[in-house]
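Asker: Just dropping this structure here.
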Amino acid sequence: MTTGLDQLKHIVVLMMENRSFDHMLGSLKAVNPAIDGYIDSDPFTNLDANKNPVKPQALAEFQGQLDPDPDHHFPAVDVQIYGGATGPGRVANMQGFVTSYFHQQEDVGHSQKIMYYFKQSDLPVLTTLALQFAVFNRWFASIPGPTICNRAFAHYGTSFGRVDMDPFEVIEPIKSIYTRLVTANPKHSAKVYYYDAASSTMEVANLLQNQTEVFGTYAQFLSDCDKGLLPDYSFIEPNYSDHDSDDGEAVASDQHPDHDVQAGEALIAEVYTHIKNGPNWANTALLVVYDEHGAIFDHVPPPACPKDTFHSTQVDPGTGLPFQFDRLGVRVPAILISPWIPKGTVVNRVFDHASIPATITKFFLGSYPHVSLREANADVFIEPNNGQGKLANNLLSLDAMRDDCPDFKMSS
Amino acid sequence: MEPILVPRPKSVRDPKRPVSSLLLAQVKHLREAEKNLPSRYQSGIFSHAIQTESEAARYVQAVTEAIHAAHDDAAAQRVRKAPKRKHVIEIAAVADERAERRTRSISKQKKKKGKS
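First to last, the protein sequences are chains A and B. Quick note on the numbering used here: the first sequence kicks off at 1 and runs consecutively. Quick note on the numbering used here: the second sequence kicks off at 413 and runs consecutively.
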């Protein structure tokens, strides 16, 4: 029996910024109990500085609330996951979010806002896509730390032992997923579409410096969608800043606090709409995922995982404890979109950003010898269609394309 | 199914928004990359003084475009005119001609010797 997997030719990944699963999609538990979010009767709380329990509340605002930017660097995330406990035998209890945010301003009232989440009606695009396609209950950031290293896992399958935001060196023989594809025989096509030159890419040190030909702009992505010219693999970076542009004023769309969450909703809607209305809809899958949780609460402890090829020294994490890359980061929203996915699919297998190069490599190349241990052990979100995939895990499982996929329209 | 309405973002660009740690990290990466560029591609922007998102975006654009320009210029320089070379057949024909001229010259000299 043929399925959507037999039609698949293009995979697109849009990686947004700094929002946790419960913060963005937690409200959906009330709609579909299979989605591991939050409802008011759940017992999850965090204690504030006065030792009072703080429950999650559906009071998140689009902008102006999470200011200052909650600390999402490695030492702070360690507090968030372990509640401040250190030393051997400690348990990941997700009890440190309010404490961590309190450390920044010592304002008890403000620190409680880290436990706010969005109502379903606040996020019509993300929540519709989650309910209509496949939502991942267990997609975690690759490391309990900040953006640059988490995005490195999406490009390389590893952060080369780094948990900080400084430039890192690619360590041979590991290559980026883009290099693997364009140097393969037969050659495949791959592009990183950044919003524009003023927003650029977060992978400067290696990709932008050495492989400018891999890059295109968001406007080019939209054009490629419309003309049926998508490469085999596309990675889209949102707009990281407010700035002047050729079209006037560009407003940041990455949803990184304190940028406007609604601008990110508009971006996601536009990406989806152009793919859906273009000639490649039948043979394209779109993954919308977030790089890390941005220090915002989530109730699911990240699991342990196989160690990576590289590990950080005791000094690097800033916690006084060595980090072996044997535990994932906090859970993030992740949604896979395709007209071949049954409505209401909920996936409970564990994924992290190393799953991205693992999936792309296995789907387009079959095998590749030089991958990190984390990538080698990562699950794939699209099964390879070469007889080596696990048919039971195929999310593009329908034998006929859906004709009931949602449409979005910008309000006037 | 009716299209789902997406609220138009109400936010406007804030030119004075303080630069975030993420953008400062990106600036740091670009600063390191800029050091590797020849002087004619330098932005002339003092990146350590960046305080707002607008300022960061201006620097990010300048260095990103410079990196692209440097690569494009290097690629253009690789395309240079190859030195004009005679084809193998032409070279062989010239060699044959040369040999024939030598032969004619030798036989002329022999004839001259024979006459005198």
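Note that CB positions come from ideal geometry on N, CA and C, so glycine has one too.
DSSP on residue 249 of chain A, reduced to helix/strand/coil?
Answerer: Here residue 249 of chain A sits in strand by DSSP.
Asker: Taking a cut of 7 Å between CB atoms, which residues from the region 41 to 69 of chain A lie near chain B?
Answerer: For the region 41 to 69 of chain A, which is checked against every Cβ of chain B, the residues closer than 7 Å are 63, 69.
Asker: What are the boundary residues of the beta strand (DSSP E) that includes residue 147 of chain A?
Answerer: It is not in any beta strand (DSSP E) - residue 147 of chain A instead sits in the alpha helix (DSSP H) that spans 147 to 156.
Asker: What does residue 460 of chain B reach in chain A if we use C-beta pairs closer than 8 Å?
Answerer: Within 8 Å Cβ-Cβ: nothing; residue 460 of chain B doesn't reach chain A, min ~16 Å.
Asker: Among residues of its own chain, excluding the 5 on either side of residue 348 of chain A, which ones have a beta-carbon nearer than 7 Å to its beta-carbon?
Answerer: So the qualifying residues of the chain are 137, 138.
Asker: Between which two residues does the beta strand (DSSP E) containing residue 188 of chain A stretch?
Answerer: Element bounds for residue 188 of chain A: n/a, residue is neither H nor E.
Asker: Could you check where the alpha helix (DSSP H) with residue 353 of chain A kicks off and where it finishes?
Answerer: Note, residue 353 of chain A: premise wrong, no alpha helix (DSSP H); not H, not E.
Asker: Which of the three DSSP states, helix, strand or coil, is assigned to residue 449 of chain B?
Answerer: Residue state, collapsed to three classes: coil.
Asker: Under a three-way DSSP split, which group does residue 36 of chain A fall into?
Answerer: Looking at residue 36 of chain A - three-state DSSP - the assignment turns out to be coil, as it is neither helix nor strand.
Asker: Is residue 129 of chain A near the ligand PLP, judged by its Cβ being under 7 Å from some heavy atom?
Answerer: Absence of the ligand PLP is noted for the structure shown, with no ligands found whatsoever.
Asker: Can a CB atom of chain A be found closer than 8 Å to the CB of residue 450 of chain B?
Answerer: By this cut-off, residue 450 of chain B is not an interface position.
Asker: Quick one, are the C-beta atoms of residue 431 of chain B and residue 454 of chain B less than 8 Å apart?
Answerer: Contact flag unset, no.
Asker: Since residue 432 of chain B meets chain A, which of its residues come closer than 7 Å, beta carbon to beta carbon?
Answerer: Per Cβ cutoff of 7 Å: 69, 256.
Asker: Check each residue of the region 158 to 187 of chain A: if its Cβ is closer than 8 Å to any Cβ of chain B, include it; give the result in chain order.
Answerer: Listed by position, the residues of the region 158 to 187 of chain A near chain B (Cβ gap below 8 Å) are 165, 166, 167.
Asker: Since residue 286 of chain A is in the alpha helix (DSSP H), which residue starts that stretch and which ends it?
Answerer: It is not in any alpha helix (DSSP H) - residue 286 of chain A instead sits in the beta strand (DSSP E) that spans 284 to 290.
Asker: In whole angstroms, give me the CA-to-CA distance for residue 206 of chain A and residue 169 of chain A.
Answerer: Cα-Cα distance, rounded: 7 Å.
Asker: Taking only beta-carbon positions, decide if residue 490 of chain B is within less than 8 Å of chain A.
Answerer: So, not an interface residue.
Asker: If distances are taken between C-alpha atoms only, which option among A/243, A/382, A/360 comes closest to residue 188 of chain A?
Answerer: With distances taken between Cα atoms, residue 188 of chain A lies closest to A/360.
Asker: Give the DSSP-derived three-state secondary structure of residue 527 of chain B in the structure shown.
Answerer: Model confidence at residue 527 of chain B stands at a pLDDT of 45, short of 50, so the residue's coordinates are unreliable; what they give is reported in the following sentence. Residue state, collapsed to three classes: helix.
Asker: Count the C-beta pairs between the region 215 to 229 of chain A and the region 179 to 199 of chain A that are closer than 8 Å, then say yes if the count reaches three, no if not.
Answerer: Enough Cβ pairs lie closer than 8 Å, so yes.
Asker: Considering only residues of the same chain and omitting the five flanking positions on each side of residue 116 of chain A, which have a CB-CB separation below 6 Å?
Answerer: These residues qualify, in order along the chain: 57, 59, 60.
Asker: Does the structure place the region 86 to 100 of chain A close enough to the region 154 to 168 of chain A that three or more beta carbon pairs sit under 8 Å?
Answerer: The region 154 to 168 of chain A is not in contact with the region 86 to 100 of chain A.
Asker: Can you confirm whether residue 332 of chain A, when its beta carbon is compared against all beta carbons of chain B, has any partner nearer than 8 Å?
Answerer: No, no contact with chain B.
Asker: Quick check on residue 454 of chain B - is its C-beta less than 8 Å from some C-beta in chain A?
Answerer: It does not: the Cβ of residue 454 of chain B has no partner Cβ on chain A nearer than 8 Å.
Asker: Going by beta-carbon coordinates alone, are residue 311 of chain A and residue 150 of chain A separated by less than 8 Å?
Answerer: Not a contact, by the Cβ cut-off of 8 Å.
Asker: Taking the beta carbon of residue 37 of chain A as the centre, do at least 16 other beta carbons fall within 10 Å, making it buried, or is it exposed?
Answerer: Classification of residue 37 of chain A: buried, given that the 10 Å Cβ count is 16 or more.
Asker: Which ranges does the alpha helix (DSSP H) cover as unbroken runs of at least 4 residues, wholly within the region 25 to 103 of chain A, from first to last along the chain?
Answerer: DSSP runs (the alpha helix (DSSP H)) wholly in the region 25 to 103 of chain A: 74 to 82.
Asker: Which chain B residues are close to residue 292 of chain A, counting only those with a beta carbon under 9 Å from its beta carbon?
Answerer: In chain order: nothing, as chain B lies at least about 11 Å away.
Asker: Tell me the rounded alpha-carbon separation between residue 372 of chain A and residue 422 of chain B.
Answerer: Taking the straight line joining both Cα atoms gives about 43 Å.
Asker: If residue 272 of chain A and residue 287 of chain A are in contact, beta carbons under 8 Å, what's the gap, nearest whole angstrom?
Answerer: Actually they are not in contact, since the Cβ atoms of residue 272 of chain A and residue 287 of chain A sit about 11 Å apart, beyond 8 Å.
Asker: Compute the beta-carbon to beta-carbon distance between residue 441 of chain B and residue 212 of chain A, rounded to the nearest angstrom, for a pair I have assumed lies under 8 Å.
Answerer: Rounded, the Cβ-Cβ distance is 15 Å, inconsistent with contact.
Asker: DSSP on residue 279 of chain A, reduced to helix/strand/coil?
Answerer: Three-state DSSP puts residue 279 of chain A in coil, outside helix and strand.
Asker: Take residue 368 of chain A and list the residues in its own chain whose beta-carbon comes closer than 7 Å to its own, dropping the five residues that flank it on each side.
Answerer: Excluding residues within five positions, the ones whose Cβ falls inside 7 Å are 180, 361.
Asker: What do you get for residue 390 of chain A, buried or exposed, if any count of 16 or more other CB atoms within 10 angstroms of its CB means buried?
Answerer: Classification for residue 390 of chain A: exposed.
Asker: Using C-beta distances below 6 Å, list every residue in its chain close to residue 230 of chain A, excluding the 5 sequence neighbours before and after it, in chain order.
Answerer: 10, 224, 280, listed in sequence order.
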